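Here the structure comes first, spelled out in structure tokens, and everything after it is commentary.
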Amino acid sequence: GIAELSRLVVALGGQAATASGLSGIGDLLLTCTGASSRNFSLGVGLGRGERLDDVLARRSTVAEGVSTAPALLARARAAGVEMPIVAAVAQVLDGTLDIASALRDLMSRPLRSE
111 GIAELSRLVV
121 ALGGQAATAS
131 GLSGIGDLLL
141 TCTGASSRNF
151 SLGVGLGRGE
161 RLDDVLARRS
171 TVAEGVSTAP
181 ALLARARAAG
191 VEMPIVAAVA
201 QVLDGTLDIA
211 SALRDLMSRP
221 LRSE
């Protein structure tokens, strides 16, 4: 996650340290672990096997990751930056990949230096 974010920040002209500061790690940590995070609660629903449309229908707030993930992936691809975690999230959200396959694919990637 942070390595992907850092690569994109640098490719777009920013400083790698931005990804490891509050605007990077801080936001990512809260989004991924906060019980009140809209994206976290969406992921919990999907992880329980609920359909995206059903999870979204019960909400009165926007889970920005639904539209951000594919947009971020497109931006990364345009910049020539590989972002496998973002790609997996985007595919799960658009229904082209199930969660178990996404995890298997990510965990079976060859090891490399980040």
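Residue numbering for the sequence shown is 111 to 224, as defined by this note's numbering. Note that CB positions come from ideal geometry on N, CA and C, so glycine has one too. Please read these numbers as outputs of a predicted model, since none were measured by experiment.
For this session: State buried or exposed for A145, treating a residue as buried only when at least 16 other CB atoms are found within 10 Å of its CB.
Result: exposed
Problem set entry | Extent of the continuous alpha helix (DSSP H) to which G187 belongs | The amino acid at residue 187 is misidentified as Gly; the sequence shows Arg. Here the alpha helix (DSSP H) through R187 covers 175–188.
Exercise. Roughly how many angstroms separate the alpha carbons of A129 and A188, rounded to a whole number?
Worked result: 19 Å
Exercise. Alpha helix (DSSP H) containing S133: first to last residue?
Worked result: Neither: S133 is in no alpha helix (DSSP H) and is coded neither H nor E.
Exercise. Where does G111 fall in DSSP's three states?
Worked result: coil
Exercise. Is the distance from the Cβ of A126 to the Cβ of S116 below 8 Å?
Worked result: yes
Exercise. To the nearest angstrom, how far is it from the Cα of G190 to the Cα of L140?
Worked result: 28 Å
Problem set entry | Extent of the continuous alpha helix (DSSP H) run through Q201 | 194–204
For this session: Give the DSSP-derived three-state secondary structure of T171 in the structure shown.
Result: coil
Exercise. Where T171 and V165 are concerned, what is the direct C-alpha to C-alpha distance, given to the nearest angstrom?
Worked result: 11 Å
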